[in-house]
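Novice:
Number of protein chains: 2
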Amino acid sequence: MLEQACQQAGLKLTHQRLEIFSELAASTDHPSAEALHRRLRQRMPTLSLDTIYRTLASLEENGLITRVKTGESQARFEAEQRQHHHLVCERCHEIIDFQWQTFDDSVLPDEILQWGKIKNKNAILHGVCKKCLDSV
Amino acid sequence: MLEQACQQAGLKLTHQRLEIFSELAASTDHPSAEALHRRLRQRMPTLSLDTIYRTLASLEENGLITRVKTGESQARFEAEQRQHHHLVCERCHEIIDFQWQTFDDSVLPDEILQWGKIKNKNAILHGVCKKCLDSV
DNA sequence: CTATGTGCAAAGCGTTTGCGACGGT
DNA sequence: ACCGTCGCAAACGCTTTGCACATAG
């Protein structure tokens, strides 16, 4: 999958790109660049944080990964490209993916349809997860 | 309005706070700290950017304004506190507010209701506005 | 009069970039 | 051998902070 995409985009399939992508694809917690760096460093001790940033940027440009817009200072990433929504714990910053067919099917207000071209619509929920509620 | 809120929060009602808040309340374009600074500097030449940041932070803490989570590097702010949603042009970064009653009324998937305590749910749309579509 | 807020300048943080060395094709 | 990529270190932009003075209550 990554292989074809890289070829298509004229990107070389390097060891670093492969590892960064597969680590992200295996993660469900929407890691930050730093978090990925910490994890990958164990297998690849010389991997630099800069390379993570550069790789994430080029994978994003090619639509292979997504930068999750949380509004926090650190950017978070995901490999999941199917339509889904996010639920963010404002205490521990955990991010959960979920499906919501009712939302996907619902029609936008008329005024919006005339605004321009809508590329995507997503729901974002904020709250406090059970773990954080319990640990008070 | 700001007056009561400041009293309640134990904040002094300074000239700067008043001007920053009223400028933001009068803006519909979700300005950044820098944008506010540029606008206010004309009336208040000595107003520093730091004060804008500090003031926005304390107003936000007290629920008087909201930091809009766009995922861009610069934070954007709004004074509107009624439930509403955002539509972002990915070309010119314009942010439009809109109402969407159907969404507000719709019920969340069961799995989500068990996750913890949901504080708010919002829709965020991305696309390209007419102005940007035309100017290509 | 006292506690808070302000302006200034300097530091902080996540992220990006210029450079020379490295490695895939 | 060539061009893209990597690691290093230094720069960057936005935001935050320590300090001394000013100001609201």
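The listed protein sequences correspond, in order, to chains A and B. In terms of the numbering used here, the first sequence has 60 at position 60, counting the first letter as 1, and numbering is strictly consecutive. In terms of the numbering used here, the second sequence has 1120 at position 120, counting the first letter as 1, and numbering is strictly consecutive. Quick reminder that beta carbons are idealized off the backbone N, C-alpha and C, glycines included. Please read these numbers as outputs of a predicted model, since none were measured by experiment.
#1: Quick one: Cα of A/Leu108 to Cα of A/Leu64, how far?
#2: A/Cys6 by DSSP, collapsed to three states: which one?
#3: Determine the direct distance from the alpha carbon of B/Glu1090 to that of B/Asp1029, and round the result to whole angstroms.
#4: Write down every uninterrupted run of the alpha helix (DSSP H) in the segment 30–73 of chain A whose length is 4 residues or greater and which is fully enclosed by it, in chain order.
#5: Check whether the segment 1072–1090 of chain B and the segment 1121–1135 of chain B are in contact - that is, three or more C-beta pairs closer than 8 Å.
#6: Between A/Thr70 and chain B, is any beta-carbon pair separated by less than 8 Å?
#7: Please list, in chain order, all residues of the same chain as A/Glu19 whose beta carbon is under 8 Å from its beta carbon, the five residues on each side excluded.
#8: Exposed or buried, B/Val1136, counting other C-beta atoms within 10 Å across all chains shown (16 or more means buried)?
#9: Report buried or exposed for A/Arg17, applying the criterion of at least 16 other Cβ atoms within 10 angstroms of its Cβ.
#10: Which same chain residues end up closer than 7 Å to A/Glu3 when comparing Cβ atoms and leaving out the 5 residues on each side of it in sequence?
#11: Kindly give me the distance between the Cβ atoms of B/Ile1096 and A/Trp115, rounded to whole angstroms, as I take these residues to be in contact under 8 Å.
#12: Assuming A/Leu49 contacts A/Glu34 under a Cβ cut-off of 8 Å, what Cβ separation, rounded to an integer in Å, is found between them?
#13: Please return the same chain residues whose Cβ sits closer than 8 Å to the Cβ of A/Leu133, not counting the five positions on each side in sequence.
#14: Could you spell out where the alpha helix (DSSP H) holding A/Arg17 opens and where it closes?
#15: Using only alpha-carbon positions, find the residue among B/Ser1058, B/Ala1079 and B/His1015 that is nearest to B/Gln1008.
#16: Give every residue of the same chain whose Cβ lies closer than 6 Å to the Cβ of A/Gln74, excluding the five residues on either side of it in the sequence, and list them in chain order.
#17: For chain A, check one thing: does any of its Cβ atoms lie closer than 8 Å to the Cβ of B/Asn1120?
#18: Short check: CB of B/Thr1066 to CB of B/Phe1077, under 8 Å?
#19: When we look at the beta-carbon of A/Leu24 and count the other beta-carbons within 10 Å, is it buried (16 or more) or exposed?
#20: Would you kindly work out how many angstroms separate the C-alpha atoms of A/Asp105 and B/Lys1119, rounded to a whole number?
#21: What would DSSP say about B/Glu1090, mapped onto helix, strand or coil?
#22: What residues match up with A/His85 in a beta bridge as DSSP calls it?
#23: Reducing DSSP to helix, strand and coil, say where A/Glu78 ends up.
#24: Against A/Val128, what residues of chain B qualify as contacts under a CB-to-CB distance less than 8 Å, listed in chain order?
#25: Are A/Lys130 and A/Cys92 close, meaning C-beta to C-beta below 8 Å?
#26: At 7 Å on the CB atoms, spell out the chain A contacts of B/Ile1124, in chain order.
#27: By Cβ distance below 7 Å, which residues in the same chain neighbour A/Glu111 in space, the five residues on each side in sequence not counted?
#28: Could you tell me the alpha carbon to alpha carbon distance between A/Phe103 and A/Arg54, rounded to whole angstroms?
Specialist: According to the structure data:
#1: Along the first sequence, read from residue 1 onward, the residue named residue 108 of chain A stands at position 108. Along the first sequence, read from residue 1 onward, the residue named residue 64 of chain A stands at position 64. Going by the C-alpha atoms only, they are around 27 Å apart.
#2: Taking the first residue of the first sequence as position 1, residue 6 of chain A is located at position 6. In the three-state scheme derived from DSSP, where H, G and I count as helix and E and B as strand, A/Cys6 is classed as helix.
#3: As a position in the second sequence, residue 1029 of chain B is number 29, starting the count at 1. As a position in the second sequence, residue 1090 of chain B is number 90, starting the count at 1. The alpha-carbon atoms of B/Asp1029 and B/Glu1090 are separated by roughly 15 Å.
#4: Whole alpha helix (DSSP H) segments, 4+ residues: 33–41 and 49–61.
#5: Yes, since at least three Cβ pairs between the segment 1072–1090 of chain B and the segment 1121–1135 of chain B fall closer than 8 Å, the two stretches touch.
#6: For the purposes of this step, residue 70 of chain A is taken as residue 70 along the first sequence, with counting starting at 1. Yes - at least one Cβ of chain B is within 8 Å of the one on A/Thr70.
#7: To locate residue 19 of chain A, count along the first sequence from 1; it is residue 19. In the same chain as A/Glu19, and ignoring 5 residues on each side of it, the C-beta atoms closer than 8 Å to its own belong to Leu40, Arg43, Met44 and Leu47, in chain order.
#8: For the purposes of this step, residue 1136 of chain B is taken as residue 136 along the second sequence, with counting starting at 1. B/Val1136 is exposed by the Cβ-count criterion.
#9: For the purposes of this step, residue 17 of chain A is taken as residue 17 along the first sequence, with counting starting at 1. Buried, since its Cβ has 16 or more Cβ neighbours within 10 Å.
#10: Position 3 of the first sequence holds residue 3 of chain A. Cβ-Cβ distances below 7 Å link A/Glu3 to Leu13 in the same chain, with the five nearest sequence neighbours on each side left out; the list follows chain order.
#11: Working through the second sequence from its first residue, we reach residue 1096 of chain B at position 96. Working through the first sequence from its first residue, we reach residue 115 of chain A at position 115. Taking 8 Å as the upper bound for CB-CB distance, B/Ile1096 and A/Trp115 are in contact here, some 7 Å apart.
#12: In the first sequence, residue 49 of chain A corresponds to position 49, counting from 1. In the first sequence, residue 34 of chain A corresponds to position 34, counting from 1. Contact flag correct, Cβ pair sits at about 7 Å.
#13: Against the first sequence, residue 133 of chain A aligns to sequence position 133. So the list is empty, once near-sequence residues are dropped.
#14: Sequence index remark: in the first sequence, residue 17 of chain A carries index 17 (1-based). Under the DSSP assignment, A/Arg17 falls in the alpha helix (DSSP H) whose first and last residues are His15 to Ala26.
#15: If you number the second sequence from 1, residue 1008 of chain B lands on position 8. B/Gln1008 has its Cα closest to that of B/Ser1058, out of B/Ser1058, B/Ala1079 and B/His1015.
#16: As a position in the first sequence, residue 74 of chain A is number 74, starting the count at 1. In the same chain as A/Gln74, and ignoring 5 residues on each side of it, the C-beta atoms closer than 6 Å to its own belong to Ser32, in chain order.
#17: Your numbering for residue 1120 of chain B matches position 120 in the second sequence. It does; some Cβ of chain A falls within 8 Å.
#18: What you label residue 1066 of chain B is simply residue 66 of the second sequence in a count that begins at 1. What you label residue 1077 of chain B is simply residue 77 of the second sequence in a count that begins at 1. Between B/Thr1066 and B/Phe1077, the C-beta gap is smaller than 8 Å, which places the two residues in contact.
#19: In the first sequence, the residue the question calls residue 24 of chain A occupies position 24. Of the residues assessed, A/Leu24 falls on the buried side of the cut-off, its CB having 16 or more other CB atoms within 10 angstroms.
#20: Within the first sequence, the letter at position 105 stands for residue 105 of chain A. Within the second sequence, the letter at position 119 stands for residue 1119 of chain B. Going by C-alpha positions, A/Asp105 is about 23 Å away from B/Lys1119.
#21: One-based indexing of the second sequence puts residue 1090 of chain B at position 90. Three-state DSSP puts B/Glu1090 in coil, outside helix and strand.
#22: Counted from its first residue, the first sequence places residue 85 of chain A at position 85. Looking at the DSSP assignment, A/His85 forms a beta bridge with A/Phe98.
#23: Sequence index remark: in the first sequence, residue 78 of chain A carries index 78 (1-based). Residue state, collapsed to three classes: strand.
#24: Taking the first residue of the first sequence as position 1, residue 128 of chain A is located at position 128. Taking a Cβ-Cβ threshold of 8 Å, the residues of chain B close to A/Val128 are Gly1116, Lys1117 and Lys1119, in chain order.
#25: In the first sequence, the residue the question calls residue 130 of chain A occupies position 130. In the first sequence, the residue the question calls residue 92 of chain A occupies position 92. Not in contact: A/Lys130 and A/Cys92 (Cβ atoms no closer than 8 Å).
#26: Taking the first residue of the second sequence as position 1, residue 1124 of chain B is located at position 124. Annotation: Cβ neighbours of B/Ile1124 in chain A (cutoff 7 Å, chain order): Asn122 and Ile124.
#27: Position 111 of the first sequence holds residue 111 of chain A. Once the five neighbours on either side are set aside, A/Glu111 has no close Cβ partner at all.
#28: Against the first sequence, residue 103 of chain A aligns to sequence position 103. Against the first sequence, residue 54 of chain A aligns to sequence position 54. Each residue's Cα considered, the two are about 34 Å apart.
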